[in-house]
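Please read the structure below before turning to the comments.
In the numbering used here, the protein residues as written are 9 to 277.
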C-alpha cells in the first residue's frame, strides 16, 4: 500500500508541476514567438481548459478500461503532449499542445485519484487521500518553491508568528473543508464524481478564474482561495485571514445545510 500511495502521489505531483511550470517560461516564450500579453494569457489558460474538459472522460475511461490502464494511457499521452509542446515551432502548436497536455494531465490526475479510491479500504479512504495530498503538497512546496526562490536569489524568512498562523489557518481550513466535503458527499452520493469534482474545482477552475483570466476580485472569494488565505498566504492578492475564515465558515454551513436537506429528503421519500 505504501508503494502504491507513493506511485499515485508521484502521478499527481507530476501533473501539478507541469500545470505551474509554464509561468517562469512565459518571458522566454513571449520573446521567442513574439507573443502579446493576451496570447500569453490564452496559452496559460489552455492547460486549465483542457484539464476541465479531460476530467470527466478520465472517469469514464477508468470505469471501462480499469484504473491501471487509464493511468498508464494518460501518463503516456501526457508525456507525448509535453514533448509536442517542447518541439512546437508556432503559437498555434503551443496552444494546441498545451490544451492537449492539460487534457492528458487531468486524465492522469483523475485516474490516480480513482485508483486510490478503488484500492483504499472504505474506513481509511479519507486518511489515505489526506496522506497522498499531503505528500504531494510537501513535495511541490519543497521542490518547486525552494527552486523558484533560489533562482530569484530570495531567502525564506518566517518568524514564529508566521508558523503559528500557518498551522492555525491550515487547521481551520482543513476543518471547514471537511464540513464542505461531508455536505457535498451527502448531496452527491457517488464518491468518485464528488472527489473528482472537488479536485477539478480547486485545482483548475479556481486557478483559471483567479489567475489565468484575471478575475482575482472574484477568485479570492471562492472557497479554495479562502482556505489559502486563512494561512496568511499572498496577502496582496488574497483576503486577510480574519475575513477569510468566517467566509469559508459560511460555505461550510451552506454545504452542511444542503447535505442535511438532501439526506432528510431521501429519508422521507
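Here a beta-carbon is modelled for each residue, glycine too, at the ideal position from N, C-alpha and C.
With a beta-carbon spacing of about 7 Å, residue 125 and residue 203 fall inside the 8 Å limit used to define contacts.
In the pairwise beta carbon analysis, the region 50-68 is classified as touching the region 96-113: at least three pairs are separated by under 8 Å. Separation of residue 176 and residue 73 (C-alpha to C-alpha, rounded to the nearest whole angstrom) is 43 Å. An exposed status is given to residue 248, since fewer than 16 other beta-carbon atoms sit within 10 Å of its beta-carbon. The count of Cβ pairs closer than 8 Å, one atom from the region 113-124 and one from the region 58-76, reaches three, so the stretches are in contact. About 7 Å separates the beta carbons of residue 62 and residue 112, which is inside the 8 Å limit, making them a contact pair. Going by C-alpha positions, residue 231 is about 26 Å away from residue 109. Of the residues 70, 84, 85, the one whose Cα lies closest to the Cα of residue 78 is 70.
Residue 21 places its beta carbon 7 Å or farther from that of residue 58. The Cβ neighbour count for residue 228, taken over all protein chains shown within 10 Å, is at least 16; the residue is labelled buried. Assigned with DSSP and collapsed to three states, residue 33 falls in helix.
Judged by DSSP secondary structure, residue 117 falls within the alpha helix (DSSP H) whose first and last residues are 99-127. Around the beta-carbon of residue 45, fewer than 16 other beta-carbon atoms lie within 10 Å, marking it exposed. Nearest neighbour of residue 83 by Cα position, chosen from 94, 23, 27, 42, turns out to be 23. The beta carbon of residue 89 sits closer than 6 Å to the beta carbons of 105, 108, 109, 112 from its chain, once the five residues preceding and following it are set aside; these are given in chain order. Residue 263 places its beta carbon less than 7 Å from that of residue 192.
Counting along the chain, residue 72 sits inside the alpha helix (DSSP H) bounded by residues 45-73. The DSSP-derived three-state label of residue 273 is helix. Within the region 171-251, the complete alpha helix (DSSP H) segments of 4 residues or longer fall at 199-208, 224-227, 231-237, listed in chain order. Relative to the Cα of residue 37, the nearest Cα in the group 56, 98, 76, 195 belongs to 98. By the 16-neighbour rule on beta-carbons within 10 angstroms, residue 258 is exposed. Pairing residue 16 with residue 180 gives a Cβ-Cβ distance that is not under 7 Å. The residue among 76, 27, 42, 213 with its C-alpha nearest the C-alpha of residue 55 is 27.
For the pair residue 75 and residue 122, the CB atoms are nearer than the 7 Å cut-off. Burial is judged here by how many other beta carbons sit within 10 angstroms of a residue's own beta carbon; residue 244 has fewer than 16 and is exposed.
Residue 239 places its beta carbon 7 Å or farther from that of residue 184. In the three-state reduction of the DSSP assignment, residue 261 falls in the helix class.
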